[in-house]
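There are 2 protein chains.
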Amino acid sequence: MAHHSAPGRPTLAAVAARAGVSPSTASLTFAASPRVAPATRDRVLAAAAELGYAGPDPIAASLRRGRTGVIGAFIGERLLYAFRDPVAVQLLDGITEVLGGHGVGLLLLAGDAGRPAADQLVRIPLDAAIFATCGLEDDPALDLLRARGVPVVGVEGPVADDVVLIDIDDRAGTAQLAAHLRDLGHRRVAVVAMPLRLDGTRGPVDAARRARVHYRDVRHRVEGVEDVFGPVPVLETASNVAAEGESAGRALLDGPAGVRPTAVIAQSDVLAAGVLQAAAGLGLAVPDEVSVVGFDGADLPWLGAVQLTTVVQPTDAKGRAAARAAMALVAGERPDGVLLPVTLRVGTTSGPPPVP
Amino acid sequence: MAHHSAPGRPTLAAVAARAGVSPSTASLTFAASPRVAPATRDRVLAAAAELGYAGPDPIAASLRRGRTGVIGAFIGERLLYAFRDPVAVQLLDGITEVLGGHGVGLLLLAGDAGRPAADQLVRIPLDAAIFATCGLEDDPALDLLRARGVPVVGVEGPVADDVVLIDIDDRAGTAQLAAHLRDLGHRRVAVVAMPLRLDGTRGPVDAARRARVHYRDVRHRVEGVEDVFGPVPVLETASNVAAEGESAGRALLDGPAGVRPTAVIAQSDVLAAGVLQAAAGLGLAVPDEVSVVGFDGADLPWLGAVQLTTVVQPTDAKGRAAARAAMALVAGERPDGVLLPVTLRVGTTSGPPPVP
DNA sequence: CCTCGTTATCGAATCGATTCGACAACCCAC
DNA sequence: GTGGGTTGTCGAATCGATTCGATAACGAGG
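Chains as they are written, first to last, in the working numbering: chain A, 9 to 364; chain B, 9 to 364.
Below, the structure written as structure tokens:
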């Protein structure tokens, strides 16, 4: 009975023996060391070819080196939902761009809601972990990683001494956006928020709920609005998808002109797209009867010619920065956190409020 | 200078010593073996807690076991483009669903076009690989995996003796779709094809190009149409995205009523969505002036109320089947390939051709 | 009291490489 | 010809666990 799936696979030692050199030399050969003589190298390579040896076993090499060349990315939600979010996708793309260049692989860790895949963490070798879209302050996975000595990078959280933070200025960016609306003359605005935590809740946010917000970006994007307008009504969605934005939008905008908000601040472009759909469904002209703004600067394909007024964040740069930080941590460095800039982009969905 | 990122991390041996047991017993304890006495177990666990030992090192365990608990998924394109494709996303979701249940992780292998990340393959330990969206017949990565003894599952390709194939009947499905159009009375149809190979080419497909098609599904979905209509014009897109579908659709539909096709068969719902946009842009009513059909049965959010006539494939089941096959291969079994059924779904985008 | 059968624990081999310091061989110059 | 500096190769320790067969302890039955 064989121990392995592939029983008779040749080892480096076998290759060395066949080539008439020591295992050390054979190892050096495959590491492309300049210290091995060309003639010897050819002999080893020839022996390897004859034996069908495909190079050193990655697992054994990993053990010796103490590294695997794999970095894990935590996705809070199930994969399917995370990938509906263009920001998450672009972030991951930025990460793989850097990682791929170093021959490092990205492992997806998706946790169905509550309990993130903890068993995976225990079993799977990781050099570092990136909290990609789930900056929970008290994620249990964080403790596991800590105990294991796996360095952690957080994209917009969690905040901790031993976590390198890649951040954007959500609050100031949103404040800028809010100021734009205020300067246009808006006084009655409402916020359509991304989920405060992942429990399927939707609806108006009260103080109690507000106190239990899990995500830093969500909190900061509310605070940015309040910096300008003071307390405003916040409507929470259950998921960051257009359909949720639409139902929230309908709830907000389905009322008489003197009562409904003259501007809706969605916390993401995806939600804003939903709000736009809601406005269209209610027969409200944008921006003449209602202004709609978003956040992210994702170029959503289904917006068509509409240019959403939004706060543009450098999502791909965020991904690249996260990956670079992870690589640095693996190399034993202690990289600084990064704060990336955001910019207001005024489009065609914001304008002065309607005159009564 | 420390060898590792975390120098003084305790080992299983240290825990065993502290608990006054042998390493074997400590190992058995963490493997939750029933053969270890409860009192001993508690002693070991206590020692582990005191030392801050988080459990056996996954790398070392991997070496001994010969497995890592990581399965690689090959994405032909860059992540960003692959994840614009709802089918790819759903496929991956199905894969992670099964894998996660076994505590196995999914590693993304994205190759920038031509050369897929070969260096990653050499360095990263993998138990098995799934060709998720890139069924190239002659992918160089396949040879590397073979040489390494890594078992491979192919989703719609590549076809090889040692690759377990998870397939759908693209040809028969498309033929059914084509027959539906023929029965409605269509005689002049055109195909908007996904990329035949990844080289950025777009435009009419001639025989030479046709001979060099890389993807099985693309080929089969053309053949299915020809089974019903005989040779038809095929317009290739450079990428499976809506914008490409739109420009292809405009090229096909921008002509006098007697010349342009009365039905456009897009090879994916995403492309079909683009063709619908093109039709709308040209002021053509669907299905009265032109019928548009797709493939996949993906529920695209931005289609709104439009019900696309399409061939529904069980994408998530495909993902789950692929993952199950991979797990079986890792377990040393020799699973059979799987052929999943597709079904025609008639929506509101197909109808009789206009009367001249 | 001795033996047999469990049950819990241990020893030791093994997984397949990497790497550092030592060492031999060789070249050149003095 | 000897000393010093390269250059190329080798030995041996190590990475941290898993696992099988062996052994000790112990209770029960004859």
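Where is the CB? At the ideal position from N, CA and C, for every residue including glycine.
Margin query: Please report the straight-line C-alpha distance between R3 (chain B) and M202 (chain B), rounded to a whole angstrom.
Written below: The structure shown does not extend to residue 3 (chain B), since chain B spans only 9 to 364, so no value can be given for it.
Margin query: Could you check whether I79 (chain A) and V112 (chain A) sit closer than 8 Å to each other, using their CB atoms as the reference points?
Written below: The sequence position of residue 112 (chain A) within the first sequence is 104, counting from 1. The sequence position of residue 79 (chain A) within the first sequence is 71, counting from 1. Cβ distance < 8 Å, so V112 (chain A) and I79 (chain A) count as in contact.
Next item on the list: Within its chain, find whatever has a CB closer than 7 Å to the CB of V44 (chain A); leave out the 5 residues flanking it on each side and keep chain order.
Entry: Translated into positions along the first sequence, residue 44 (chain A) becomes position 36. Taking V44 (chain A) as the centre and dropping the five residues before and after it, the same chain places the C-beta of T33, L36, T37 closer than 7 Å to its C-beta, in chain order.
Next item on the list: Please confirm if P133 (chain B) has its CB atom under 8 Å from at least one CB of chain A.
Entry: To locate residue 133 (chain B), count along the second sequence from 1; it is residue 125. P133 (chain B) counts as touching chain A.
Note to self: Within the continuous alpha helix (DSSP H) that includes D175 (chain A), where are the two ends?
What the structure shows: Walking along the first sequence from the start, residue 175 (chain A) turns up at place 167. Not the alpha helix (DSSP H): D175 (chain A) falls in the beta strand (DSSP E), residues 171–176.
Check: Taking the C-alpha atoms as reference points, what is the distance between V167 (chain B) and G108 (chain A)?
Finding: As a first step, residue 167 (chain B) is located in the second sequence; it is residue number 159 there, counting from the start. As a first step, residue 108 (chain A) is located in the first sequence; it is residue number 100 there, counting from the start. Approximately 27 Å between the Cα atoms of the pair.
Notebook entry, point to check: By the criterion of Cβ-Cβ separation under 8 Å, what are the contact partners of P361 (chain B) in chain A?
Noted result: In the second sequence, residue 361 (chain B) corresponds to position 353, counting from 1. Simply none; closest approach about 28 Å.
Margin query: Taking the beta strand (DSSP E) that F82 (chain B) belongs to, which residues open and close that run?
Written below: As a first step, residue 82 (chain B) is located in the second sequence; it is residue number 74 there, counting from the start. Segment 78–83, the beta strand (DSSP E) holding F82 (chain B).
Checklist line | the region 191–205 of chain A / the region 158–174 of chain A touching (three or more Cβ pairs under 8 Å) | finding: No, because fewer than three Cβ pairs between the region 191–205 of chain A and the region 158–174 of chain A fall closer than 8 Å, the two stretches do not touch.
Check: Does the beta carbon of A155 (chain A) sit closer than 8 Å to a beta carbon anywhere in chain B?
Finding: Here residue 155 (chain A) corresponds to residue number 147 of the first sequence, with the count starting at 1. Closer than 8 Å: yes.
Next item on the list: Could you tell me whether the Cβ of G122 (chain A) comes closer than 8 Å to any Cβ of chain B?
Entry: As a working note, residue 122 (chain A) is residue 114 in the first sequence. Low confidence applies to G122 (chain A): its pLDDT is 44, below 50, so where it sits in the model is not reliable, and the reading given next is rough at best. No, its Cβ sits nowhere closer than 8 Å to a Cβ of chain B.
Margin query: Going residue by residue through the region 166–219 of chain B, where are the continuous alpha helix (DSSP H) segments of at least 4 residues, counting only ones entirely within it?
Written below: Restricting attention to alpha helix (DSSP H) runs no shorter than 4 residues, the region 166–219 of chain B encloses them at 178–192, 215–219, ordered along the chain.
Check: When Cβ atoms are compared, which residues of the region 87–101 of chain A fall closer than 7 Å to chain B?
Finding: Listed by position along the chain: L87, L88, F91, V97, Q98, L100, D101.
Margin query: I'd like to know whether the C-beta atoms of R26 (chain A) and G157 (chain B) end up nearer to each other than 8 Å.
Written below: For the purposes of this step, residue 26 (chain A) is taken as the residue at position 18 of the first sequence. For the purposes of this step, residue 157 (chain B) is taken as the residue at position 149 of the second sequence. One thing to note: R26 (chain A) has its Cβ no nearer than 8 Å to the Cβ of G157 (chain B).
Next item on the list: Would you give the residue range spanned by the beta strand (DSSP E) that T318 (chain B) belongs to?
Entry: Reading the second sequence from its first residue, position 310 is the one you call residue 318 (chain B). 318–320 is the span of the beta strand (DSSP E), which, as asked, contains T318 (chain B).
Item checked: Within chain A, partners of V171 (chain B) - CB distance below 9 Å -> For the purposes of this step, residue 171 (chain B) is taken as residue 163 along the second sequence, with counting starting at 1. Within chain A, no residue has its CB atom less than 9 Å from the CB of V171 (chain B), the nearest being about 15 Å off.
Note to self: Here's the rule I'm using: 16 or more other beta-carbon atoms within 10 Å means buried, otherwise exposed. How should V52 (chain B) be labelled?
What the structure shows: Translated into the one-based positions of the second sequence, residue 52 (chain B) becomes position 44. Result: buried.
Margin query: Could you compute how far the alpha carbon of F375 (chain B) sits from the alpha carbon of T209 (chain B)?
Written below: Nothing can be reported for residue 375 (chain B): it is not among the residues displayed for chain B, which extend from 9 to 364.
Item checked: 8 Å contact criterion, which G232 (chain B) and A186 (chain B) should meet: CB distance rounded -> Translated into positions along the second sequence, residue 232 (chain B) becomes position 224. Translated into positions along the second sequence, residue 186 (chain B) becomes position 178. About 6 Å separates the two Cβ atoms, so the contact holds.
Item checked: Cα-Cα separation between A121 (chain B) and L337 (chain B), rounded to whole angstroms -> Taking the first residue of the second sequence as 1, we reach residue 121 (chain B) at position 113. Taking the first residue of the second sequence as 1, we reach residue 337 (chain B) at position 329. The pLDDT assigned to A121 (chain B) is 44, lower than 50, so where the model puts this residue is not dependable, and the model offers no usable value.
Notebook entry, point to check: Are the CB atoms of L352 (chain A) and Q184 (chain A) nearer to each other than 8 Å?
Noted result: Position 344 of the first sequence, counted from the start, is the residue given in the question as residue 352 (chain A). Position 176 of the first sequence, counted from the start, is the residue given in the question as residue 184 (chain A). Yes, the pair counts as a contact, with Cβ atoms nearer than the cut-off.
Next item on the list: Just tell me which of A:A281, A:A334, A:A216, A:D127 has its CA closest to the CA of T356 (chain A).
Entry: Taking the first sequence and counting its residues from 1, the one referred to as residue 356 (chain A) is at position 348. Comparing Cα-Cα distances from T356 (chain A) to each of A:A281, A:A334, A:A216, A:D127, the minimum goes to A:A281.
Notebook entry, point to check: Beta-carbon of T19 (chain B) versus every beta-carbon of chain A: anything under 8 Å?
Noted result: Locating residue 19 (chain B) in the second sequence gives position 11, counting from the first residue. For T19 (chain B), the answer is no, since every Cβ of chain A falls outside 8 Å of its Cβ.
Next item on the list: Could you check what DSSP says for F91 (chain B) in three-state terms: helix, strand or coil?
Entry: As a working note, residue 91 (chain B) is residue 83 in the second sequence. The answer is coil: DSSP assigns F91 (chain B) none of H, G, I, E or B.
Next item on the list: Can you tell me the Cβ-Cβ gap for G102 (chain A) and K326 (chain A), rounded? I've got them flagged as a contact below 8 Å.
Entry: Position 94 of the first sequence holds residue 102 (chain A). Position 318 of the first sequence holds residue 326 (chain A). Contact flag correct, Cβ pair sits at about 6 Å.
Next item on the list: Kindly list the residues whose CB is nearer than 6 Å to the CB of A47 (chain A), restricted to its own chain and excluding five residues on each side of it in sequence; keep chain order.
Entry: Residue 47 (chain A) sits at position 39 when you count from the first residue of the first sequence. Result list for A47 (chain A): empty, nothing under 6 Å.
Notebook entry, point to check: Roughly how many whole angstroms lie between the Cα atoms of A24 (chain A) and S247 (chain A)?
Noted result: Taking the first sequence and counting its residues from 1, the one referred to as residue 24 (chain A) is at position 16. Taking the first sequence and counting its residues from 1, the one referred to as residue 247 (chain A) is at position 239. Distance between A24 (chain A) and S247 (chain A), taken at the CA atoms: about 57 Å.
Checklist line | Between the CA atoms of V161 (chain A) and R342 (chain A) - distance to the nearest angstrom | finding: In the first sequence, the residue the question calls residue 342 (chain A) occupies position 334. In the first sequence, the residue the question calls residue 161 (chain A) occupies position 153. Straight through space, the alpha carbons of V161 (chain A) and R342 (chain A) are spaced by roughly 11 Å.
Note to self: According to DSSP, is A21 (chain B) part of a helix, a strand, or is it coil?
What the structure shows: The residue given as residue 21 (chain B) occupies position 13 in the second sequence. Helix at A21 (chain B).
Checklist line | Any C-beta of chain A under 8 Å from that of T104 (chain B) | finding: Start at 1 with the first residue of the second sequence, and residue 104 (chain B) comes out as number 96. So, interface residue.
Next item on the list: With 8 Å as the threshold, decide whether the Cβ of V350 (chain A) is near any Cβ in chain B.
Entry: Looking up residue 350 (chain A) in the first sequence gives position 342. For V350 (chain A), the answer is no, since every Cβ of chain B falls outside 8 Å of its Cβ.
Note to self: Alpha carbons only, please: which of A:S41, A:P362, A:G289, A:A274 is nearest the one belonging to V300 (chain A)?
What the structure shows: On the first sequence, residue 300 (chain A) is found 292 positions in, with the first residue counted as 1. V300 (chain A) has its Cα closest to that of A:A274, out of A:S41, A:P362, A:G289, A:A274.
Note to self: In this structure, how does DSSP classify L290 (chain A) when only helix, strand and coil are distinguished?
What the structure shows: Mapped onto the first sequence, residue 290 (chain A) falls at position 282. Here DSSP, grouped into helix, strand and coil, assigns L290 (chain A) to coil.
Note to self: Report the CB separation of G63 (chain A) from I132 (chain B) in whole angstroms; it is logged as a contact under 8 Å.
What the structure shows: As a working note, residue 63 (chain A) is residue 55 in the first sequence. As a working note, residue 132 (chain B) is residue 124 in the second sequence. Not really, about 12 Å apart at Cβ, beyond 8 Å.
Item checked: R75 (chain B): first and last residue of the uninterrupted beta strand (DSSP E) it sits in -> One-based indexing of the second sequence puts residue 75 (chain B) at position 67. DSSP places R75 (chain B) in no beta strand (DSSP E); its state is neither H nor E.
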